[in-house]
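Trainee: Sequential numbering from 3 applies to the sequence shown in the numbering used here.
No residue lacks a Cβ here, since even glycine has one placed at the ideal position from N, Cα and C.
Note that the structure is a prediction, hence the values are computed from the model and not measured.
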Amino acid sequence: MIEKPPGALTRRLSQINRDAEERDAERRAKAANLGYANLSKVPVGLEAIRLVPEAQAREALLAAIELKTHEVALAVYNPKLPAVGKVLAELERKKFAARMFVVSKSSLEQAWLLYKYVSAEAKEITGRVEIEKKHFEELLSRLSNLPALKMEMEQAIHATTTALLEVVLAGALNNRASDIHFEAEQTGARLRFRLDGLLHDIYENLPVKNYESLITRIKLLSSLKINIHGEPQDGRFTINLPSKEVEVRVSLIPSEFGETIVMRLLDPDSIRVNLAELGLRADDLAIVRKILQEPNGLVLNTGPTGSGKTTTLYAFLQELNDPEVKIITIEDPIEYRIGGIEQTQANPEVGYTFANGLRAILRQDPDVVLVGEIRDKETADIALQASLTGHLVLSTLHTNDAVGAVPRLVDLGVKVQTVGSSLSLVIAQRLVRRLCAECKKPAQVSPEEKARIEAYLAALPARVDKSVYRDVKIFEPVGCAACNNLGYRGRVAIFEFLIGGPEMEKTILSDASEVALRALAKSQGMVSMQADGVLKVISGMTSFKEVEKATGGMVWEAGPDGKS
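Shown next as structure tokens:
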């Protein structure tokens with residue numbers, strides 16, 4: 003028999019009592035010929051709650067829960083109380099018509115909790131966290147590494163919720179975290195940061211009281227429903243720093259012990275990467291620059307979520323960004339803003355899907371179009387047709403490697419003739435952690451290992467400048483204060499290219515299978531992601547362990563195409 007954790011029985015009994023209370027409220031609503039509401043499932047707006055002063059609301063056992071122009075929804079426990087009549091008269095004097103719903107006392111207690119945020123909201127702009135320059139610099143000086151952040155958290159727990167959130171945000175930014183995870187647990191909450199693609203524990207057992215206050219604060223900033231706890235919610239807010247603005251995407255989901263929060267930090271500094279900084283080899287860089295100069299064609303970037311596709315495509319956009327070139331994007335969502343480019347966001351609720359948005363964009367006379375993702379036949383057909391009619395189209399596709407993009411498009415229902423004639427370049431990529439430059443050290447390489455690496459290099463295609471890698475030096479991670487003793491700091495992409503052209507088009511028309519396409523790509527000098535990773539190991543950027551994590555076990559015998 004599986005034992006329930008301590009507290010499960012208490013929560014169950016509490017839920018039974020609440021259910022009975024709600025059934026009673028529903029019965030009373032029916033008797034009074036009024037509607038019924040359960041405020042644990044109905045959002046309560048701060049603009050409504052402030053209509054009735056807290057003292058008056060408690061006396062009348064009611065709460066204003068929704069405001070629509072000159073109509074207000076009132077949640078009442080007993081509509082016959084004299085104090086309710088006084089509130090109705092006051093609302094009528096202010097030209098508000100009232101609709102009443104019967105609720106339980108527990109519902110009212112939930113609504114009344116919002117009064118403490120009414121005055122707070124009046125003092126701040128919802129959606130923004132302002133951190134003054136001096137204060138931010140002081141925080142950064144104290145949060146130089148993860149142990150220092152943990153110590154600062156210990157102090158901030160006893161301060162205000164605002165101070166605690168500022169410490170978390172500043173600590174995440176200073177340590178280059180991409181995501182902040184708050185995970186509800188039985189006795190509190192756990193804080194984790196995603197650093198260079200991996201999660202790391204930052205603080206355990208954040209007290210429940212602090213965590214609940216943090217949740218409410220984050221909800222308020224993100225314009226989320228404060229009193230709703232049992233359903234997923236998504237929002238965003240902005241951190242205003244002295245030198246930049248950082249967008250924060252917020253996701254909340256209910257879990258066994260409370261709400262779990264993930265905040266994605268969209269730091270503009272992380273996207274300000276030009277082509278030369280992407281980590282492309284000289285031969286790959288030359289190919290990209292040549293294709294981006296073409297007036298039309300389709301460039302696809304493939305890989306799983308978190309493989310750096312957005313950074314790569316944004317670097318392409320910045321390379322193309324010129325007053326003489328009209329660039330329009332449709333994204334979901336817009337992750338970073340680039341000056342000089344028209345960026346639009348997909349909104350399926352109003353019919354602005356990738357497909358419909360792309361149709362509209364093509365009527366705007368663009369030279370270059372970025373489509374966030376090709377997910378269906380309709381979007382694929384429009385994108386490929388646009389690439390054949392004088393537009394350079396950039397997009398992403400979810401496939402494991404570059405060759406897989408062609409059968410994926412065919413599986414979506416696109417005609418093979420269109421795929422072959424439109425495809426200019428497919429890039430597949432992964433991110434690997436970069437060795438910390440401050441502490442990496444040379445690794446011991448046996449004569450046998452060195453000979454194997456040299457043979458591997460010799461088998462690389464002619465377009466790769468082998469002289470750059472003549473001196474084989476392998477490094478390994480150590481760990482120091484600069485990298486939080488992880489041995490790695492930052493990430494670099496490894497790539498593989500599938501290049502379009504007459505031969506590729508001919509092969510796609512005759513046999514669009516991965517086997518046939520891979521054979522052609524190999525004969526034309528394809529360098530696989532794993533081979534590109536090996537070159538980055540020899541260049542001292544990363545380790546074999548990182549490359550194997552991203553691409554699978556090393557395949558030495560088959561040569562640099564990485565396939566047997």
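In terms of alpha-carbon separation, which member of Val264, Leu142, Gly481 and Leu287 lies closest to Cys438?
Mentor: By one-based count along the sequence shown, residue 438 stands at place 436. Considering only alpha carbons, the answer is Gly481.
Trainee: Less than 9 Å separating the beta-carbons of Leu145 and Gly173?
Mentor: Within the sequence shown, numbered from 1, the residue matching residue 145 stands at position 143. Within the sequence shown, numbered from 1, the residue matching residue 173 stands at position 171. For Leu145 and Gly173, yes; Cβs fall inside 9 Å.
Trainee: Whose C-beta lies closer than 8 Å to the C-beta of Lys125 among residues of the same chain, with five residues either side of it excluded?
Mentor: What you label residue 125 is simply residue 123 of the sequence shown in a count that begins at 1. Any reading at Lys125 is ruled out, since the residue's pLDDT is 47, under 50, leaving its predicted position unreliable.
Trainee: Run through the stretch 323-351 for me and flag every whole beta strand (DSSP E) of 3 or more residues, listed as ranges in chain order.
Mentor: The stretch 323-351 contains these whole beta strand (DSSP E) runs: 329-333 and 344-347.
Trainee: May I have a chain-ordered list of the beta strand (DSSP E) segments no shorter than 3 residues that lie completely inside the stretch 382-423?
Mentor: Qualifying beta strand (DSSP E) stretches, in chain order: 394-399.
Trainee: If you reduce the DSSP assignment to three classes, tell me which class Thr509 lands in.
Mentor: In the sequence shown, residue 509 corresponds to position 507, counting from 1. Correct three-state label for Thr509: helix.
Trainee: Apart from the five residues on each side of it in sequence, which residues of its chain come closer than 6 Å, Cβ to Cβ, to Leu151?
Mentor: In the sequence shown, the residue the question calls residue 151 occupies position 149. Within the same chain, Leu151 has close Cβ partners Leu145 and Gly173.
Trainee: In three-state DSSP terms, what is Ala445?
Mentor: Here residue 445 refers to the residue found at position 443 when the sequence shown is read from its first residue. Of the three classes helix, strand and coil, the one that applies to Ala445 here is coil, per DSSP.
Trainee: Please report the distance separating the alpha-carbon of Val549 from that of Ser541.
Mentor: Locating residue 549 in the sequence shown gives position 547, counting from the first residue. Locating residue 541 in the sequence shown gives position 539, counting from the first residue. So the two alpha carbons sit approximately 13 Å from each other.
Trainee: Between which two residues does the alpha helix (DSSP H) harbouring Ser257 extend?
Mentor: Residue 257 sits at position 255 when you count from the first residue of the sequence shown. Here Ser257 belongs to no alpha helix (DSSP H); instead the beta strand (DSSP E) covers Glu247 to Ser257.
Trainee: CB Tyr471 to CB Ala533, shorter than 9 Å?
Mentor: Within the sequence shown, residue 471 is the residue found at index 469, counting from 1. Within the sequence shown, residue 533 is the residue found at index 531, counting from 1. No.
Trainee: Just the C-alpha distance for Leu148 and Met155, rounded to the nearest angstrom, thanks.
Mentor: Locating residue 148 in the sequence shown gives position 146, counting from the first residue. Locating residue 155 in the sequence shown gives position 153, counting from the first residue. Cα to Cα, Leu148 sits roughly 10 Å from Met155.
Trainee: What is the rounded straight-line gap between the Cα of Arg219 and the Cα of Asn349?
Mentor: Start at 1 with the first residue of the sequence shown, and residue 219 comes out as number 217. Start at 1 with the first residue of the sequence shown, and residue 349 comes out as number 347. Computed Cα separation, rounded: 27 Å.
Trainee: DSSP three-state label for Ile127, please.
Mentor: Reading the sequence shown from its first residue, position 125 is the one you call residue 127. Its pLDDT being 45, under 50, Ile127 is placed unreliably in this model, and the coordinates cannot settle the point.
Trainee: Could you have a look at Asp21 and say whether DSSP puts it in helix, strand or coil?
Mentor: By one-based count along the sequence shown, residue 21 stands at place 19. Note: Asp21 maps to helix in three-state DSSP.
Trainee: Need the endpoints of the alpha helix (DSSP H) that Tyr567 sits in, please.
Mentor: Only positions 3 to 566 of the chain appear in the structure, and residue 567 is not among them; the question remains open.
Trainee: Could you compute how far the alpha carbon of Asp286 sits from the alpha carbon of Leu254?
Mentor: As a working note, residue 286 is residue 284 in the sequence shown. As a working note, residue 254 is residue 252 in the sequence shown. So the alpha carbons of these two residues sit roughly 41 Å apart.
Trainee: Are the C-beta atoms of Ser426 and some chain C residue less than 9 Å apart?
Mentor: No chain C is part of this structure, which consists of one protein chain only.
Trainee: Going straight from the alpha carbon of Leu425 to that of Val373, what length do you get?
Mentor: In the sequence shown, the residue the question calls residue 425 occupies position 423. In the sequence shown, the residue the question calls residue 373 occupies position 371. Each residue's alpha carbon lies about 15 Å from the other.
Trainee: Could you give the distance in angstroms between the alpha-carbon of Val529 and the alpha-carbon of Gly281?
Mentor: Within the sequence shown, numbered from 1, the residue matching residue 529 stands at position 527. Within the sequence shown, numbered from 1, the residue matching residue 281 stands at position 279. The alpha-carbon atoms of Val529 and Gly281 are separated by roughly 14 Å.
Trainee: Give me the Cβ distance between Val428 and Ala552, rounded to the nearest whole Å; I'm assuming they're in contact under 8 Å.
Mentor: As a first step, residue 428 is located in the sequence shown; it is residue number 426 there, counting from the start. As a first step, residue 552 is located in the sequence shown; it is residue number 550 there, counting from the start. Contact flag wrong, Cβ pair sits at about 18 Å.
Trainee: Report the residue from Pro449, Glu49, Gly87 and Glu134 whose alpha carbon sits nearest the alpha carbon of His72.
Mentor: Taking the first residue of the sequence shown as position 1, residue 72 is located at position 70. Nearest of Pro449, Glu49, Gly87 and Glu134 to His72, Cα basis: Glu49.
Trainee: Using the Cα positions of Asp198 and Ala484, report the straight-line distance between them to the nearest angstrom.
Mentor: Taking the first residue of the sequence shown as 1, we reach residue 198 at position 196. Taking the first residue of the sequence shown as 1, we reach residue 484 at position 482. Rounded to the nearest angstrom, the two C-alpha atoms are 14 Å apart.
Trainee: Is the number of C-beta pairs between the stretch 311-330 and the stretch 406-414 that are closer than 8 Å three or more?
Mentor: They do not touch, by the three-pair rule.
Trainee: Using only alpha-carbon positions, find the residue among Trp114, Ser106 and Leu63 that is nearest to Leu90.
Mentor: Here the question's residue 90 lines up with position 88 in the sequence shown. For Leu90, the nearest C-alpha among the options comes from Leu63.
Trainee: Considering just the uninterrupted stretch of the beta strand (DSSP E) at Leu300, what are its terminal residues?
Mentor: Taking the sequence shown and counting its residues from 1, the one referred to as residue 300 is at position 298. First-last of the beta strand (DSSP E) with Leu300: Gly299 to Thr304.
Trainee: Since Ile329 contacts Leu319 with CB under 8 Å, what's their CB separation in whole angstroms?
Mentor: For this step, residue 329 is matched to residue 327 along the sequence shown. For this step, residue 319 is matched to residue 317 along the sequence shown. So it is a contact: roughly 6 Å between Cβ atoms.
Trainee: Leaving out five residues on either side along the sequence, give the residues of the same chain with a beta carbon under 8 Å from the beta carbon of Gln17.
Mentor: Numbered from 1 along the sequence shown, position 15 holds the residue referred to as residue 17. Correct list: empty, nothing qualifies.
Trainee: I'd like to know if the stretch 262-275 and the stretch 392-401 are in contact, where contact means that at least 3 CB-CB pairs between them fall below 8 Å.
Mentor: The answer is no - the stretch 392-401 does not touch the stretch 262-275, with fewer than three Cβ pairs under 8 Å.
Trainee: Opposite Gly535 in the DSSP bridges: which residues?
Mentor: Reading the sequence shown from its first residue, position 533 is the one you call residue 535. None, per the DSSP bridge assignment.
Trainee: Buried or exposed: Thr162, going by 16 or more other Cβ atoms within 10 Å of its Cβ?
Mentor: Taking the first residue of the sequence shown as position 1, residue 162 is located at position 160. By the 10 Å Cβ count, Thr162 comes out exposed.
Trainee: Buried or exposed: Asp473, going by 16 or more other Cβ atoms within 10 Å of its Cβ?
Mentor: Against the sequence shown, residue 473 aligns to sequence position 471. Exposed is the call here.
Trainee: In the DSSP assignment, what residue or residues form a beta bridge with Tyr490?
Mentor: Taking the sequence shown and counting its residues from 1, the one referred to as residue 490 is at position 488. Leu437.
Trainee: Closer than 6 Å by C-beta to Asp236: which residues in its own chain qualify, once you throw out the five before and the five after it? Chain order, please.
Mentor: On the sequence shown, position 234 is the one that residue 236 refers to. For Asp236, where only same-chain residues beyond five positions count, the Cβ hits under 6 Å are Ser253.
Trainee: State the Cα-Cα distance for the pair Ile336 and Leu364, rounded to the nearest angstrom.
Mentor: Translated into the one-based positions of the sequence shown, residue 336 becomes position 334. Translated into the one-based positions of the sequence shown, residue 364 becomes position 362. Distance between the alpha carbons of Ile336 and Leu364 is about 19 Å.
Trainee: Does Ile127 pass the burial test, meaning 16 or more other C-beta atoms within 10 Å, or should it be called exposed?
Mentor: Position 125 of the sequence shown, counting from 1, holds the residue named residue 127. Summary for Ile127: the model assigns pLDDT 45, below 50, so the residue's position carries little reliability, and this model does not support an answer.
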